[in-house]
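Some notes on the structure that comes next.
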Amino acid sequence: MDLAQLQPGLRTRLLKLGISRAFDLVLHLPMRYEDETQLYPIAEAPVGTAALVEGEVTGCETTFRPKKQLVARVRDASGTLVVRLIHFYPNQAQQLAVGKRVRLYGEIRHGFWGDEMVHPKVKTLSDSDTLNDSLTPIYPTTANLSQAQLARLIAKALKDEPLTDTLPAAVRHDFGFPDFAESVRFLHNPPPDVARVQLTERIHPTWRRIKFDELLAQQLSLRMARAIRRERTAPVIAPPGRLAAQLVASLPFGLTKAQNRVLLDISKDLGQRHPMQRLLQGDVGAGKTIVAAIAACHAIEAGYQVAMLAPTEILAEQHYAKFVQWLEPLGVKVAWLTGSLKARAKREALEDAALGSAQMVVGTHAIFQGTVEFKNLGLAIVDEQHRFGVAQRLALREKGGSPHQLMMSATPIPRTLAMSFYADLDVSVIDELPPGRTPIVTKLVSDARRDEIIERIASKVLEGRQVYWVCPLIEESEALQLQTAVDTHAQLTEELEGIAIGLVHGKMKPAEKAAMMDAFKRNEIQVLVATTVIEVGVDVPNASLMVIEHAERMGLAQLHQLRGRVGRGAHASLCILLYTGPLGETAKARLKVIYESTDGFEIARQDLQIRGPGELAGVRQSGVPMLRFADLEKDADLLDAARDVAENILATEPQLAIPHLDRWLPGREALLRV
Ligand code: ADP
Ligand code: MG
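Here the sequence shown stands for residues 588 to 1261, where the numbers follow my numbering.
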């Protein structure tokens, strides 16, 4: 089957689902199943789970209270059931006309008027209707693509596509995995007698086989990428370390043990002939920036240039200020390059980079777009790497041969997972905060108590402290989010007379944003109302109170990042999470995690449990192949196994990797070049 021959609209819809080749249909596995293999008498249908019943319609009417709905009555020999459709089309009313015989699939509930089904699947019965003999797969789909259409296409792909095994027989045997063909056929059409929990929990041997395949492909591709990278040469950077020593001596603090340990990892890497690709993980406030600066000193002392990329202008500017403060006294010229620079300043910065007169260039990803050239780039540092995509990592590489790369992230995934999952990166962790930090106290407060919060702010400001007020994330509409921020700013200005209140949001010009941040840093503004633009990296030690509105809407990683903006100075800090009740179960569980823990790694672990790794902040954008089926936490054993098998295949029979990768990760060539 050739998808190119399908009607264009259908092809577009399939593409939305990530289906671009016929084989992708084979891998488009059901997210759940419905069981229409067994018919129950109405009186005996199980409660709390969907079931199939049939009978004759004995009543049907449209009622208008409490709102418009269709209410029908269906009877079989054992009992009667109320069917309720709150949204319905005229043809559904016809289907449920008195006297019709129907088959209903849905969950029975005990309602006030007796047993009822709300919005069941309704099918008009004819005499020839038999029951299904396998479970009905329900596929992830998109608008205007019906389950039936998808199922037909998938059935055809299962017939036409080669389902040969790409796992070596020995591996299948060792792990007791079923064949590939058997596995996909089973998962698309499981027989009715399979234990449901094995399907819903995805622990059936066929599911495990598929997840293993997926993880193996991921491990193979990352390992191959790594091998390719090791073929490239990078400058050997192993200076005596005088510049770094000077910098350390000039600091008002000593480095933590953890900082020293990761610095050792980094300098070992820099001394190698192939490019470093190290991920430096460290909780918010762990002190990654100084580590970056010391690494930069090594490269600069050895005669190379260093680039540092930040995801936002605010953060880039802060880094710039820090690096100027730290490095210029040592005779290092630091240049500053962002998209918003005036033409002349930009030209100068570009020249400094190209001629090598600036040893260090700090900026946003604008650095790596367009015309920037370096004289001899030796080290590229990427802060908050999860904010950058593959394309930017690629661009980075093209700018200067193969510089060493140091990527930093405060959105940690647990270390063992990181090591397996980012198989192409080396991972270092700063697992210790600098001493003398006062822990941040977190409070959950219902927004009904907003007045108390306002008083709290006033008294903090009287004490000389500063405050962040973070406005809710409104994903559906940036305009709405902006409006909320503007309203909040106006309201606080009114409520907190005599206190200078600033506003910073994503729609402001970079220069305006920077000016506002500067004013806040200089304490000319005491309360800063912000949208989530301050999420990453902002460092104002005097800010010791943060209020986060609608905390229930935010992700855990994001809340943790935000909270990390306070607790940076010597003052006791407080983070107030305002929520609007009533809270759902997930929201409750999430807020509980953030309330109970201030450890980013622990939060990430819990996040993983509540949301699953596919959702984990950072992974999606990081360019690491997404996992559709495997769950890093639940399938940790499979991940371990896949790692070992990948290593083995590449060492002994690397040709076996190709068909497997073609099947699972077609078009991943770009990634291999990163
Ligand atoms: P992050 O890891 O979140 O990027 P930063 O690098 O911004 O954290 O560091 C947070 C603050 O801690 C900065 O003000 C920094 O100067 C300070 N800092 C870093 N290392 C130490 C240390 N060893 N002792 C004391 N303060 C430190
Ligand atoms: Mg940082």
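We put the beta carbon where it would ideally sit given N, CA and C, even for glycine.
Asked	Found
At which residue ranges does the region 877-942 contain complete alpha helix (DSSP H) runs of 4 or more residues, listed in the order of the chain?	900-914, 930-942
Return helix, strand or coil for residue 616, following the three-state DSSP convention.	coil
Across which residues does DSSP place residue 692 in a beta bridge pair?	639, 708
For residue 787, is the beta carbon positioned less than 7 Å from some heavy atom of ligand 2?	no
Using the C-alpha atoms, what's the distance from residue 925 back to residue 933?	8 Å
Alpha carbon to alpha carbon, how far is residue 602 from residue 596? Give it in angstroms, no decimals.	10 Å
Residue 876: beta carbon under 7 Å from a heavy atom of ligand 2?	yes
When the distance is taken between beta carbons, is residue 731 closer than 8 Å to residue 600?	yes
With distances taken Cα to Cα, identify the nearest neighbour of residue 1252 among 608, 598, 589, 593.	608
If you reduce the DSSP assignment to three classes, tell me which class residue 726 lands in.	coil
Grouping DSSP H, G and I as helix and E and B as strand, with all else coil, what is residue 659?	strand
Once you ignore the five residues that flank residue 875 on each side, which residues in its own chain have a CB closer than 7 Å to its CB?	867, 869, 995, 1017
Which residue's Cα is closest to the Cα of residue 1011: 1034, 840, 992?	992
If we count the other Cβ atoms within 10 Å of its Cβ and call it buried at 16 or more, is residue 742 buried or exposed?	exposed
Below 7 Å, is the gap between the Cβ of residue 1263 and the nearest heavy atom of ligand 2?	Nothing in the structure corresponds to residue 1263, since the chain is present only between 588 and 1261.
Taking the continuous beta strand (DSSP E) assigned at residue 1282, which residues delimit it?	The displayed coordinates of the chain run from 588 to 1261. Any statement about residue 1282 would go beyond what the structure contains.
State yes or no: is the C-beta of residue 647 within less than 8 Å of the C-beta of residue 683?	yes
Closest to residue 642 by C-alpha separation, out of 636, 666, 624, would be which residue?	666
Would you identify the three-state DSSP class for residue 595, choosing helix, strand or coil?	helix
Sorry if obvious, but does the Cβ on residue 1091 come closer than 7 Å to a heavy atom of ligand 1?	no
Is it true that the region 1094-1113 meets the region 1134-1141, where meeting means three or more beta-carbon pairs spaced less than 8 Å apart?	no
Rounded to the nearest angstrom, what separates residue 795 and residue 724 at their Cα positions?	18 Å
Starting from residue 1161, trace the beta strand (DSSP E) both ways and give me its first and last residue.	1160-1166
Can you confirm whether the region 929-943 touches the region 859-866 when touching is taken to mean that 3 or more C-beta pairs between the two stretches lie within less than 8 Å?	no
Can you tell me whether residue 698 is buried or exposed? The criterion is at least 16 other CB atoms within 10 Å of its CB, across all chains shown.	exposed
Below 8 Å on the Cβ atoms is my contact criterion, and I expect residue 1194 with residue 1143 to pass it. Report the Cβ-Cβ distance as a whole number of Å.	4 Å
Rounding to the nearest angstrom, what Cα-Cα distance links residue 767 and residue 810 in this structure?	23 Å
Please report the distance separating the alpha-carbon of residue 803 from that of residue 791.	18 Å
Do residue 1074 and ligand 2 come close, with the Cβ less than 7 Å from some heavy atom?	no
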